[in-house]
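As structure tokens, the structure follows; a few thoughts come after it.
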Amino acid sequence: MDGPEQVRARLEETGYLVDEGLAVTCYLALRLHRPLFCEGDAGVGKTALASALAEALDAPLIRLQCHEGIDASQALYDWDFPRQLLHLRAAEAAGVKDADRLESELYDRRFLIARPLLQALQTQPSVLLVDEIDRADDEFEAFLLELLSEYAVTIPELGTLRAEVPPVVVLTSNRTREVHDALKRRCLYHWFDHPGFARELAIVRRRLPGVSARLAEQVTALVQALRGADLVKPPGVAETIDWAEALDALGATEVDAELAVSTLGSVLKYREDTDRARGLDLAAVLAARGV
Ligand SMILES: Nc1ncnc2c1ncn2[C@@H]1O[C@H](COP(=O)(O)OP(=O)(O)OP(=O)(O)O)[C@@H](O)[C@H]1O
Ligand SMILES: [Mg+2]
């Protein structure tokens, strides 16, 4: 893609809408082969960006979901122990005694299980999504940093495997903790804010073309107001889409304060937040937006 505008247009074709800042950052990440570090609240479109990029580039999306205690054997590669054992038994039954030969056979590539990071190094082109890196620990972060600087991995039994073309890498974080500067330094950074009314409405309309335009406008207006209400967990774009979808499933083409309150479970997931929303004048919110 030869410029931010083309990146924007291609992403839009996949149904993902970006503003100019994100289009420029994505373009630079592709152009300079730098990982893209996406940080922001839940449900603002970080993970969806990686899928959209993969679709726009017509490349497979390879996803590594991080979690506490994740290590190289889950992220990079592992040996298929049961199959190795089977091979060993078969070799013994066939009377193979040469220990060196057996060992080299056991650590053959066909017994190697490629986990997402290795898959991404071996698949060209590919988009590697390292999702929710803030859930992994420091040690894993350091390991990832090393991998992202070389796009190569050394497997003691097999040698070094290097990506001919580095994958497009997207890392996401919900900022439950700060990711180290060293890792961030390797990356281009984008903070995902909640979108403003017009862009969020455009996203909802794009994602749910069958939903009434008025309903989409009203739901977007309500969510925008809820975000200003100092909630424990402000709703993301994901919740706006869920809410509009839920109302549409009820056959609604528009929403009033009463229906909004009875369907709050689609958008707010904390009791304190539901209580607070009930205390808001939702009818006034709709009237103020003129929707
Ligand atoms: N800019 C956008 N264009 C189109 N759809 C969007 C956009 N932003 C968010 N969405 C939609 O919102 C939903 C939630 O996005 P996503 O799951 O990517 O959020 P997230 O930031 O990864 O959240 P979490 O931190 O909870 O994982 C998706 O269904 C996605 O399609
Ligand atoms: Mg996500």
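For the sequence shown, counting from 1, position 143 maps to 145 in the numbering used here; every step adds exactly one.
A virtual CB, placed ideally from N, CA and C, is assigned to each residue, including glycine.
- Counting every other CB atom within 10 Å of its CB across the protein chains shown gives residue 29 a total of 16 or more, marking it as buried.
- Judged by their CB atoms, residue 129 and residue 63 are nearer to each other than the 8 Å cut-off.
- Counting other Cβ atoms within 10 Å of its Cβ, residue 58 reaches 16 or more and is therefore classed as buried.
- A direct Cα-to-Cα measurement between residue 85 and residue 139 gives close to 31 Å.
- Cβ contact annotation for residue 207 (same chain, cutoff 6 Å, sequence separation greater than five): 218, in chain order.
- Excluding residues up to 5 positions away in sequence, 115 and 117 lie with their Cβ nearer than 7 Å to the Cβ of residue 80 in the same chain.
- Placement of the Cβ of residue 48 at a distance of less than 7 Å from at least one heavy atom of ligand 1 is found.
- At least one heavy atom of ligand 1 lies less than 7 Å from the C-beta of residue 17.
- Under the Cβ criterion (8 Å, minimum of three pairs), the stretch 39-49 does not count as touching the stretch 99-111.
- For secondary structure counted as the beta strand (DSSP E) over 3 or more consecutive residues, the stretch 102-167 holds these complete runs in sequence order: 114-116, 129-133, 154-157 and 161-164.
- For residue 40, the enclosing beta strand (DSSP E) has its first and last residue at 38-42.
- About 57 Å separates the CB atoms of residue 98 and residue 194; that is not less than 8 Å, and the two are not in contact.
- Judged by beta-carbon spacing, residue 273 lies beyond the 8 Å limit of residue 243, meaning their Cβ atoms are not closer than that value.
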